Amino acid sequence: MFVDARQLPQDTEVEADICIFGAGAAGITLARALGGGNRSIAVFESGGYDFEIDTQNLYAGDVIGFSYTPIDRDRLRYLGGSTNHWQGSCRPFEAFDLDDWPFGLDVLEPYYRQAQQICQLGPYNYDPQDWIDAEARPIAGSSGDSLKSGLFQYSPPTRFGTVYRDDLAAAGNLTVYLHANLVGIDTNQAASSVTGVEIACLTGKRFRARARHYVLATGGIENVRLLLNCTRVQKSGLGNGNDLVGRYFMDHVYVPRAATVLADVSSPEVRFYDHHVVRGQPIEGILTASDEMRRAKQMPPFYIGFRVPVPAISELGMDRLPAPVRKLLGEGVASSIEYYYSRTASGMQLPAKWLYEKLWRTPPGTFVTCYCSGPYPDPDSRVTLSDTVDALGLRQARLDWRVPADFVQDMHRAHEQLAQLLGRTGIGRVRIESSETGYDPMQDVVNAHHHMGTTRMHDDPRQGVVDRDCRIHGIGNLFVAGSSVFPSYACDNPTMTIVALALRLSDHLKSLTS
Amino acid sequence: MNHTRRYLLACLGYAGGLSAGGSPWGRRLSEALPAAAGVPDHAASSLRRLLDDRTHARQLGADYRARFPAESDPEVLTRLILDAVAPFDRSPRQLRHELLLPALHRSVRAEFGAGTTVQVRGWILALTEARLCALCA
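Protein chains in written order, with this note's numbering: chain A, 275 to 788; chain B, 33 to 169.
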């Protein structure tokens, strides 16, 4: 059932077997997996059913380092979390992507199959050869190629808060507390066990919860903010004895127009690497590093896709509102407008392509590539706390995102491989964009809004915040769910892996509470 | 962008197009040029005729020659291109358009496979096709 925490009597004490904080993809997956049994589950969600500006403002924070979207715009703080605005692209990690994890694909794959259904996707099959149709097919590779084909499947996208609301409401052992913010975690003196938590509403109401086990599922930035704010026993923050909480922040580096591709207009190979539908399932082919390249670690994970060349926002001069307008609206409103405009414009591919084909009665022969890379984890890319406090008295987050110095070099190398592939197969030619060609793609580099790695997983507490079961080292009953536990990442969007890991954690929690 | 689809296709599309199909664009130029010494008299002009729109090819070719001044001499370029597309038989019969074009395609694709490429104005081209542009510059 759902309860508005603002209506609870002051100083209420909630007791449950398991407390879950956050109702995004990870929290809702956990709750559903644990629901219906004989364990009592309490989920605490900061927001309500819909967007509310005061709650959303709790995500405010600073961005330093490399340019990044405002962190109170990247995430959504209500039921469903960031699934309320994700684009739905899904792909499971490959075996190589889990080399730095404490377990392999054989452990995760059963959960990926379940995640496939939870994300409302097609069959669990990511072999490009099985997605050929009359209009699109992958490039025929040969041994020795540095690139290989892969594909994303697209979820509708699944809005977890909407699609699974009824399931959460119907589970007899499950209570979802809305407008309930975690503001404090109490432990014993040794900080080896959580003894209770403090929950606060923006109305001023406060109450407490106690459980056998606790799970933080508030996202890659918020998980860190909550831990670092808990300094009553561990002065550096809970679970932060080795100064790892918040470090290794990872997000994909995305370049929407890395290169121009000139291709035969009738080529089904080019069509495969753009968004299209096969047997009712939206997919998108991608080109990634071959197994040999990955094995030799010659480059970080990346993918290349093809797009219709919608002009870059910066080329239109429309990435910033005019100064007088900005002043009139105020910085906060102006930056929000610019952010959502750029996201809308970047999603213009399908209508642009449709329009081109209708006007010229032929598919476009010129494309651009999008390039997405997952640079190697950097401990100096991190989330810390600022001195500004939010409306609940917690210090805000400060994000310092680092992009490696050789990123552009790697991007060019990837496109040189692409040029070789397209030239060898007679499909087309590639022009790498740079200031030499009149367009520097780095001016439009964006982050991909994936917050990962900040409570990374490793069996050695000197190298990770959580162990292989996502339990915080040294604290017997505190767990973390979501992408903050990723010790490394691929070029794949994280949602499917988030869901798979949450399912795996639910099995572990069941074993602890059976 | 400072180019159009038509420009790109004309620039890089050989008579016969990028694919194995026919020639969908441009008109063929049949301007005769002085024969290159040390190679058959007809070779340079035969090679130049492989490119439909030499105006735009000249832009790429000029950049190539600026980067590789040792290859600015048309005789040198012709020899280098013939080494790639007609290494053994340079008779007028072998340098006919209908044989030369597929030989060029094969050579270009092989060069891409071997990584024998050069970057000109951002475009990654097979070495032979870049030299062909330079011959027209």
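We put the CB at the ideal spot given by N, CA and C, even for glycine. Remember, predicted model here, so these are calculated numbers, not experimental data.
Contact of residue 144(B) with chain A is assigned, a C-beta pair being separated by under 8 Å.
In this structure, the alpha-carbon of residue 295(A) lies about 25 Å from that of residue 377(A).
For residue 157(B), the neighbours in chain A by C-beta distance under 9 Å run, in chain order, 693, 697, 703. Contact check for residue 288(A) and residue 481(A): beta-carbon distance about 7 Å, within the 8 Å limit, so the pair qualifies. In the three-state DSSP reduction, residue 165(B) falls in the helix class (H, G or I). Ranked by Cα distance from residue 727(A), the options 420(A), 654(A), 752(A) are led by 654(A).
For residue 748(A) against residue 735(A), the beta-carbon gap comes to about 7 Å, under 8 Å, which counts as contact. Every unbroken stretch of the beta strand (DSSP E) spanning 3 or more residues and falling wholly within the region 418-487 of chain A is given here in chain order: 421-428, 448-452, 455-461, 468-474. Around residue 454(A), the same chain offers 279, 318, 473 as residues with beta carbons nearer than 6 Å, after the five sequence neighbours per side are excluded. At a cut-off of 8 Å between beta-carbon atoms, residue 415(A) makes no contact with chain B. In this structure, the beta-carbon distance from residue 433(A) to residue 291(A) does not fall below 8 Å. The Cβ-Cβ distance between residue 497(A) and residue 729(A) falls below 8 Å. Within chain A, the residues placing a beta-carbon under 7 Å from that of residue 147(B) are 694, ordered along the chain.
Within chain B, the residues 151, 154, 155, 156 have their CB atoms less than 9 Å from the CB of residue 706(A), given in chain order. Residue 690(A) reaches chain B at 147, 149, 151, 156, counting residues in chain order whose Cβ is nearer than 9 Å. Comparing C-alpha distances from residue 463(A) to each of 777(A), 396(A), 506(A) shows the shortest one belongs to 506(A). For residue 710(A), the number of other beta carbons within 10 angstroms of its own is below 16, and it is reported as exposed.
When rounded, the separation of the alpha-carbon atoms in residue 416(A) and residue 721(A) is 33 Å. In the three-state reduction of the DSSP assignment, residue 697(A) falls in the helix class, which pools H, G and I.
With a cutoff of 8 Å on beta-carbon distance, residue 524(A) and residue 333(A) are scored as not near each other. Beta-bridge pairing by DSSP links residue 787(A) to no other residue. Non-local beta-carbon contacts of residue 285(A) in its own chain, meaning distances under 7 Å to residues more than five positions away in sequence, involve 481 in chain order.
Residues of the same chain with a CB within less than 7 Å of the CB of residue 411(A), apart from the 5 flanking positions on each side, are 542, 543, 546 in chain order.
The alpha carbon of residue 362(A) has as its nearest neighbour, out of 551(A), 713(A), 431(A), the alpha carbon of 431(A). Residue 533(A) and residue 579(A) have their C-alpha atoms some 10 Å from each other. The alpha helix (DSSP H) runs of length 4 or more contained entirely in the region 347-418 of chain A are, from start to end of the chain, 379-392. By the C-beta density criterion, residue 406(A) is exposed, having fewer than 16 other C-beta atoms within 10 angstroms.
As summarised for the region 102-145 of chain B, the continuous alpha helix (DSSP H) elements at least 4 residues long and confined to that stretch are 106-117, given in chain order. Beta-bridge partners of residue 276(A) (DSSP): 450(A). For the pair residue 424(A) and residue 402(A), the CB atoms are nearer than the 8 Å cut-off. The beta carbon of residue 116(B) is closer than 6 Å to those of 139, 160 in its chain, skipping five residues each way along the sequence.
Nearest to residue 573(A) by C-alpha distance, out of 449(A), 681(A), 658(A), is 681(A).
Contact between residue 336(A) and residue 673(A) holds: CB atoms are separated by about 7 Å, below the 8 Å threshold. Residue 491(A) sits close to residue 301(A), with the two beta carbons spaced by under 8 Å. When DSSP states are grouped into helix, strand and coil, residue 543(A) belongs to the helix group.
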